[in-house]
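Protein chains in written order, with this note's numbering: chain A, 1 to 273; chain B, 274 to 595; chain C, 596 to 1134.
Some notes on the structure that comes next.
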Amino acid sequence: MRAFWRNRGAAIGAILLAFVFTLAASAPLLFPGSPWDMAGAPFSPPGEDGFLLGSDSLGRDVAAGIAHGAFVSLLVGAVSTVAALGIGVAIGAVAGTFGGWVDDAAMRFTELFQTVPGFVLAVVLVAIFTPSLGSIVFAIAIVSWPPVARVVRAEFLSLRSREFVQAAEVLGRSRFSIVLRDILPNALGPIVVLASLMVAGAILLEAALSFLGLGDPNRMSWGFMIGQGRSVIRLAWWMSVFPGLALFLTVLALNLVGEGLTDALNPRVARRR
Amino acid sequence: MIRFLLLRLVKMAAVVLAIVVINFLLIHAAPGDPASVIAGQSGAADPKFLAQLREQFGLDRPLHEQLWRYMRGVLTLDLGVSHRLQRPVAGLILERLPATLLLTGAAFAFAVTAGIALGAAAARRVGSWADSAITVLALGFYATPIFWVGLMLVLVFSVWLNWLPSFGMGTVGTDLHGWALVADVLPYLVLPALTLGLFYMAVYARLTRASMLEVADQDFVRTARAKGAPEGRILRRHILRNALLPVITFAGIQAGQLIGGSILVETVFAWPGIGRLAFEALLARDYQVLLGVFLCTSVLVVLFNLVTDLVYLVADPRMEAA
Amino acid sequence: MLGVPMLTVEGLTVALPPGGDRAHAVEEVSFRLDPGEILCIVGESGSGKSVSASAIMGLLPRALKPVAGRIGFEGKDLLLEGPAAMRALRGARLGMIFQEPMTALNPLMRVGDQVAEVMQVHGRAVGNRVAELLDAVHLPDPTRILASYPHRLSGGQRQRVMIAMALALEPAVLIADEPTTALDVTTQMQILRLIREVQQRRGMGVLFITHDFGVVAEVADRVAVMQRGRIVEQGAAAQVLRAPTHPYTQALVAAVPHGRHAGRAVVAGEPVLALEGVGKTYGGRGLFRRTAPVQAVADAAFVIRRGETLGLVGESGSGKSTLARCVVGLVQADAGTIRFHGDDLRPLSRRAWLPYRKRVQMVFQDPFASLNPRRRVGDIIAEGPMAHGVSRAEARARVAELLRVVQLDPGAADRFPHEFSGGQRQRVGIARALAMEPELLVADEPVSALDVSVQAEILALLEDLRARLGLTMLFITHDLRVAAQVCDRVAVMQRGRIVEQGTVAEVFERPQHAYTRALLDSVPGREWAGSSVSPDVLA
């Protein structure tokens, strides 16, 4: 019964995600032209004046903004996760493979970044390097790699003491070949699960940054739209409700997929009683 | 115990020092002249002010000397001057700090108690509709952007129902003390604390549930059953106590996020804490203030981590060996 | 003893969840337990012996349901009792101890509180009882121990606490589920004696579950043998152990390491491996950590000659595995010399070790952990030679031959490790080592994770390979019976030091060191093994 529900959850997540992807890809077709352009009367409620989801204080179409914003969310989520994975896997692998003082130093470095309040650091980074897609991705990657490094290191350490890795050592195989064939494939499960959750986290972070006005000024994004709606919530609730819903559903979908992956890749956790 | 504390203090000092260095590097890594970074782009027009800044920071000196100067300044609580307000940054932060501590403290207390209660309830009836409901609820809050939750709560409880105030921290223009002040502030605290707390409540509920199911499978629980102990007692005395250890660890790890989240919540509710200060500084490109807030929140996290370490030390007798 | 049995199990059948390899965990199981006797239920893993015990206690996992039979105890059928009634019996009339003493106690509760809990939940006064009980199981300084947390206690001490807990309300029946399996051999003997002692003092019935016939010989009055969920033979201990009638029991008894030496000629080849003054100390440095240094191995010296098998025996923590890992370079020793045909291996770098990798190989303990779960068996066996420049085609061509040598089907090459049983995996591990055509084979507890019948097969395979290929072996084991059976000479380790070494006959017949004598005295079932067919060195 639970297994069924969980699988259903993962399936719903996957479908939602596919929908968001389609929306992002077809935004230029569905809503040609810039989402920044005025398209009608300001503050039109949903359904009126040809606005499916209403218009904002400058008469921009909320639905168009959501469609175009999907692209930014997914792009930032994916790219910054890849970047964070790169940093985290490299540092974790080095720490876990070499051990000793290298491990100590790498872990102190990781701890430092884990202690620093990540969101505040991201705000400072984006503010100082001026908001752009590049600085946003950079800031998100800088604050989200530490868990990856820790997981990778822990996996490497536990795998390194496993007997099949010791057997490979005794056979005289090269370090590189051991990491590539014996350690990484067995450490992949937890990394994949973590990555799916990190994409969700990165999307939330990007939204929070652009909510504070630190988004890329050339790109429409969900966080920016919610930020615009904040001061006029008594006047136009739809301006903040719909982009927020889009954000919620996307992140929920990613979390559902992540949980499904956890169950699939780590049957020990998925045990039922 | 003493050794452990000393070690922790040394480590804390090292972390704070490292953050000061990061701050310094950030000023210098930013594109353009450090003086104009410090001055903020909007205030960069006045050449006299820039010259004054260069003099103050010794920007014509070698880098290591500048770093030393900067660190000495931080140690004496000199975090520079806000060009927007023309006041020392340290004073600004200290003035706003109590509001932030009140908000995060209230949110944390709510998140921990509600999260553990819900997680334990879910684990106890695993597979039931109550468990599913709690799991779905947790999953939902887990996926909701914190600032949006705040806006939605404002929409429902302030705009539509008109039950609670939507911004500020107390009635404007009153000068209250004691219980009257508490009674005045409390309604203003509810929505921000709830907003900040709901996400972490979800986190703790999920963690408690998973941890309890894990502990329930362990050998000592079977031992307790073999003694003939009733299920309620097993749950309280054996499962829950052990299951809370990872929750303590996690609370420490999450401290940074909690404080980061307060920036967003304070922005939504115009709560006059350091988060709001950071947002105002952001709008005015007042980087001295922003970096000061960064340092201050980092120190808060370090202190909070020390507290969770101490709690863990008390909670787990095995730690005495470490 | 005679009269009314204390506990009767009749036709007990417990269903497994659908989709398993069989329909029932236990099927039609019947036995009785009389007051004042110890009944041993013996069987290999998966035989259903622990399920039977859990059924009596009413502690079956939710997935397992009893579907037939009755369990008679004090005039009741325990299968029909409700949860509250079972709770009242557990701890009070039915006591139980478990296999893993390290995890069976709540780490956050003081030992005294955990023992007192038994009395509290049954509404009895605690008073001074806890200290008395701890004293009764011969724990030193009971007042100190009852105020300690479990992590302060050794495995043996924790198992004594468990026994004290089980005895607190003087139950009529004590169920002991593999209570000594996780313990070292000397501790095992102490616990076995303690169980015997309290059982006789109180006239309890004890249901003792084990896989070890040595332990059976040590404690049992009567024996029931289980295979795949059924009892295949039961009777008085002496009769089942000496004249088993069922073929399965006969096979099991025959597979018990007999400790009889093969009686090979004394080997006098040239030295292959010579250790002198080898030491390894762990711990010490670290940027923010500081741990007390632990001397794992100190001043170890021995020589292995061509064609000889040297056994390294000792209890857990004696340093025998660390020493073996020093020999193969998995652990870098920090003192002494490790000469292989005269060349000192100890200071060699990773690269300098390479030429010796072909000549020195290792077989590991855990057949489930020693094979990469994501690689096919053929690749696992071929990758050693390939790392040393043998072409892929050539290495793969040899795989079939190697599989035949270890008596596996050549088709095994295309399958993954999880498709094999523990014994088959261990054969793959041996084939992997043999692929390098080594002169010296280091075997680290190669059979201790295996069931007794599989153990016998692997030992026979190793013996066969040693004879055919002229292997020289360093054989690490905690089991003296195994050591006596496969080794020419043995070295006994205690706390990182070799305390005694010599030929098997010398060491086991005329032990010089007190520790060796204690070890030999603790081998379970010595007298039984000693009085069987032929004289042996463990008599």
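All C-beta atoms in this analysis are idealised placements derived from N, C-alpha and C, irrespective of residue type, glycine included.
Computed from a predicted model, the values in this text were never measured in an experiment.
message: Using DSSP's beta-bridge definition, name the partner residues of R685 (chain C).
response: Your numbering for residue 685 (chain C) matches position 90 in the third sequence. Note: R685 (chain C) sits in a beta bridge opposite C:L689.
query: Hey, R1020 (chain C) and F963 (chain C) are a contact pair by Cβ (cut 8 Å); roughly how many whole angstroms apart?
result: Translated into positions along the third sequence, residue 1020 (chain C) becomes position 425. Translated into positions along the third sequence, residue 963 (chain C) becomes position 368. Correct: roughly 7 Å between the Cβ atoms.
- request: List in chain order: all unbroken alpha helix (DSSP H) runs of 4+ residues lying wholly within the region 793-821 of chain C.
  value: If only complete runs of 4 or more residues are kept, the region 793-821 of chain C shows the alpha helix (DSSP H) at 808-814, in order along the chain.
- request: For R1027 (chain C), go through chain A and note every residue whose CB falls closer than 9 Å to its CB, in chain order.
  value: Position 432 of the third sequence, counting from 1, holds the residue named residue 1027 (chain C). Here the neighbours are A167, L171.
Nonlocal neighbours in the same chain, by C-beta distance under 8 Å from R1112 (chain C), ignoring five residues either side: As a working note, residue 1112 (chain C) is residue 517 in the third sequence. Counting only residues of its own chain and dropping the five nearest sequence neighbours on each side, R1112 (chain C) has a CB closer than 8 Å to the CB of P1106.
message: Strictly by DSSP, which residues pair up with I633 (chain C)?
response: Numbered from 1 along the third sequence, position 38 holds the residue referred to as residue 633 (chain C). Note: I633 (chain C) is bridge-paired with C:V801 in the DSSP secondary-structure output.
query: I226 (chain A) lies in the alpha helix (DSSP H); which residues open and close that run?
result: The residue given as residue 226 (chain A) occupies position 226 in the first sequence. First-last of the alpha helix (DSSP H) with I226 (chain A): 222-230.
query: Does the beta-carbon distance from L769 (chain C) to L634 (chain C) come in below 9 Å?
result: Indexing the third sequence from 1 puts residue 769 (chain C) at position 174. Indexing the third sequence from 1 puts residue 634 (chain C) at position 39. Cβ atoms of L769 (chain C) and L634 (chain C): not closer than 9 Å.
message: Measuring only the C-alpha atoms, how far is M757 (chain C) from A499 (chain B)?
response: In the third sequence, counting from the first residue as 1, residue 757 (chain C) sits at position 162. In the second sequence, counting from the first residue as 1, residue 499 (chain B) sits at position 226. When rounded, the distance between both Cα atoms is 11 Å.
message: Using beta carbons (cut-off 9 Å, strictly below), is G686 (chain C) in contact with chain B?
response: Residue mapping note: residue 686 (chain C) aligns to position 91 of the third sequence, counting from 1. Taking Cβ atoms only, chain B reaches closer than 9 Å to G686 (chain C), which makes this a yes.
- request: Apply the 10 Å Cβ neighbour rule to N186 (chain A) and answer buried if 16 or more other Cβ atoms are within range, or exposed otherwise.
  value: For the purposes of this step, residue 186 (chain A) is taken as the residue at position 186 of the first sequence. Under this definition N186 (chain A) is a buried residue.
query: Who are the Cβ neighbours of V848 (chain C) in its own chain at under 8 Å, not counting the five residues just before and after it?
result: In the third sequence, counting from the first residue as 1, residue 848 (chain C) sits at position 253. Same-chain partners within the cutoff: F808, L836, P839.
- prompt: Just checking my contact of P697 (chain C) with G750 (chain C) at CB under 8 Å: how many whole Å lie between their CB atoms?
  reply: To locate residue 697 (chain C), count along the third sequence from 1; it is residue 102. To locate residue 750 (chain C), count along the third sequence from 1; it is residue 155. Strictly speaking, residue 697 (chain C) in this sequence is Met, with Pro absent from that position. That pair is a contact at about 6 Å.
message: Rounding to the nearest angstrom, what Cα-Cα distance links F430 (chain B) and W237 (chain A) in this structure?
response: On the second sequence, residue 430 (chain B) is found 157 positions in, with the first residue counted as 1. On the first sequence, residue 237 (chain A) is found 237 positions in, with the first residue counted as 1. So the two alpha carbons sit approximately 13 Å from each other.
- prompt: Any idea which residues DSSP pairs K321 (chain B) with across the strands?
  reply: Numbered from its first residue, the second sequence carries residue 321 (chain B) at position 48. Answer by DSSP bridge pairing: none, since K321 (chain B) is not bridged.
- prompt: Which value, in whole angstroms, describes the spacing of the CA atoms of A489 (chain B) and A524 (chain B)?
  reply: On the second sequence, position 216 is the one that residue 489 (chain B) refers to. On the second sequence, position 251 is the one that residue 524 (chain B) refers to. Using only the alpha carbons, I get a separation of about 22 Å.
- request: Look at the Cβ atom of L1035 (chain C), then the Cβ atom of I899 (chain C), and state whether they are nearer than 9 Å.
  value: Sequence index remark: in the third sequence, residue 1035 (chain C) carries index 440 (1-based). Sequence index remark: in the third sequence, residue 899 (chain C) carries index 304 (1-based). Cβ distance < 9 Å, so L1035 (chain C) and I899 (chain C) count as in contact.
message: Measuring only the C-alpha atoms, how far is G864 (chain C) from T1098 (chain C)?
response: By 1-based counting over the third sequence, the position of residue 864 (chain C) is 269. By 1-based counting over the third sequence, the position of residue 1098 (chain C) is 503. Spanning the two alpha carbons is a distance of roughly 15 Å.
field: Rounded distance between the beta-carbons of L537 (chain B) and I419 (chain B), thought under 8 Å
entry: Residue numbering aside, residue 419 (chain B) sits at position 146 when the second sequence is read from its first letter. Residue numbering aside, residue 537 (chain B) sits at position 264 when the second sequence is read from its first letter. Yes, they are in contact, since the Cβ atoms of I419 (chain B) and L537 (chain B) sit about 5 Å apart, within 8 Å.
query: In chain C, which residues lie with their C-beta within 9 Å of the C-beta of L321 (chain B)?
result: Residue mapping note: residue 321 (chain B) aligns to position 48 of the second sequence, counting from 1. Reading off the sequence, residue 321 (chain B) comes out as Lys, not Leu. Chain order gives no chain C residues near K321 (chain B), where near means a beta carbon separation below 9 Å; the closest approach is about 48 Å.
- request: Please report the residue range of the alpha helix (DSSP H) in which T373 (chain B) lies.
  value: Along the second sequence, read from residue 1 onward, the residue named residue 373 (chain B) stands at position 100. That run of the alpha helix (DSSP H) goes 362-397.
- request: Write down the C-beta distance between V867 (chain C) and R901 (chain C) rounded to the nearest angstrom, noting that I regard them as a contact closer than 8 Å.
  value: Locating residue 867 (chain C) in the third sequence gives position 272, counting from the first residue. Locating residue 901 (chain C) in the third sequence gives position 306, counting from the first residue. Their Cβ separation, rounded to whole angstroms, is 5 Å, which keeps V867 (chain C) and R901 (chain C) in contact under 8 Å.
- request: Measure the alpha-carbon distance for L74 (chain A) versus T97 (chain A) and round it to whole angstroms.
  value: Residue numbering aside, residue 74 (chain A) sits at position 74 when the first sequence is read from its first letter. Residue numbering aside, residue 97 (chain A) sits at position 97 when the first sequence is read from its first letter. So the alpha carbons of these two residues sit roughly 33 Å apart.
message: Which same chain residues end up closer than 8 Å to V126 (chain A) when comparing Cβ atoms and leaving out the 5 residues on each side of it in sequence?
response: Taking the first sequence and counting its residues from 1, one reaches residue 126 (chain A) at position 126. Cβ neighbours of V126 (chain A) beyond the five flanking positions: S135, I136, A139, L209, L214.
query: Taking the alpha carbon of D974 (chain C) as the point to measure from, which residue in C:G664, C:G690, C:A767, C:A992 has its own alpha carbon closest?
result: Taking the third sequence and counting its residues from 1, one reaches residue 974 (chain C) at position 379. The shortest C-alpha separation from D974 (chain C) is found at C:A992.
- prompt: Which chain A residues are close to N578 (chain B), counting only those with a beta carbon under 9 Å from its beta carbon?
  reply: Along the second sequence, read from residue 1 onward, the residue named residue 578 (chain B) stands at position 305. Correct list: T115.
- prompt: Using DSSP with H/G/I as helix, E/B as strand and the rest coil, what is P842 (chain C)?
  reply: Reading the third sequence from its first residue, position 247 is the one you call residue 842 (chain C). Here P842 (chain C) carries a helix assignment [DSSP, helix/strand/coil].
- request: Use the C-beta contact count for W433 (chain B): other C-beta atoms within 10 angstroms, 16 or more gives buried, fewer gives exposed.
  value: The residue labelled residue 433 (chain B) in the question sits at position 160 within the second sequence. So W433 (chain B) counts as exposed.
- prompt: Taking contact to mean at least 3 C-beta pairs separated by less than 8 Å, is the region 952-961 of chain C in contact with the region 1020-1033 of chain C?
  reply: yes
field: Residue range of the unbroken beta strand (DSSP E) whose run includes I899 (chain C)
entry: Taking the first residue of the third sequence as position 1, residue 899 (chain C) is located at position 304. Residues 889-900.
message: When you compare the CB of G9 (chain A) with every CB in chain C, is at least one pair closer than 9 Å?
response: Working through the first sequence from its first residue, we reach residue 9 (chain A) at position 9. Taking Cβ atoms only, chain C never reaches closer than 9 Å to G9 (chain A), which makes this a no.
- prompt: Interface residues of chain A around P361 (chain B) at Cβ under 7 Å?
  reply: Residue numbering aside, residue 361 (chain B) sits at position 88 when the second sequence is read from its first letter. Under the 7 Å cutoff, chain A gives no residues; its nearest Cβ is about 19 Å from P361 (chain B).
task: For R334 (chain B), name the three-state secondary structure that DSSP assigns.
output: Counting from one through the second sequence, the residue named residue 334 (chain B) turns up at place 61. Coil.
field: Any 3 or more C-beta pairs closer than 8 Å across the region 789-797 of chain C and the region 624-633 of chain C
entry: yes
message: Which residue marks the beginning of the alpha helix (DSSP H) containing R739 (chain C), and which one marks its end?
response: The residue given as residue 739 (chain C) occupies position 144 in the third sequence. Element bounds for R739 (chain C): 737-741.
Any beta strand (DSSP E) of 3 or more consecutive residues that is wholly inside the region 652-729 of chain C: 660-668, 689-692
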